[in-house]
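Asker:
See below:
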């Protein structure tokens, strides 16, 4: 004759509530540390792109440094040298790289 022992968890009401609170906290932490900062950076980048003006010195995401010569919709013409122009998409202009370049120039003066 075989004897089977089944272990049962006692007080199941509290365990379910604890699991619900635990998963809620995981979602909250995920939102606070990943989703919220990313949406804030995206909003700042969009504001930067909308405020671009002729004459600003910018850096593209590929590292090209130049001065904005013309903005035509989503196309930005950048002067990269004497009478040398390139056309890039507006979304290729990087706020982080431009800010870093401006900080570096200001600290060198």
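Numbering (the working numbering), first residue to last: 31 to 139.
Idealized CB from N, CA, C, for every residue including glycine.
Kindly indicate the opening and closing residues of the alpha helix (DSSP H) around residue 78.
Answerer: Its alpha helix (DSSP H) spans residues 66-80.
Asker: For residue 87, which three-state DSSP category applies?
Answerer: In the structure shown, residue 87 sits in a strand (DSSP, three-state: E or B).
Asker: State buried or exposed for residue 100, treating a residue as buried only when at least 16 other CB atoms are found within 10 Å of its CB.
Answerer: Result: exposed.
Asker: Under three-state DSSP, which class holds residue 128?
Answerer: The answer is helix: DSSP assigns residue 128 an H, G or I state.
Asker: Measure the alpha-carbon distance for residue 82 versus residue 55 and round it to whole angstroms.
Answerer: Looking at the two C-alpha atoms, the distance is approximately 40 Å.
Asker: Give the single residue among 137, 123 and 60 whose Cα lies nearest to the Cα of residue 97.
Answerer: The candidate whose alpha carbon is nearest that of residue 97 is 123.
Asker: Just confirm the distance between the C-beta atoms of residue 94 and residue 116, as a whole number of angstroms; I'd bet it's less than 8 Å.
Answerer: That pair is a contact at about 7 Å.
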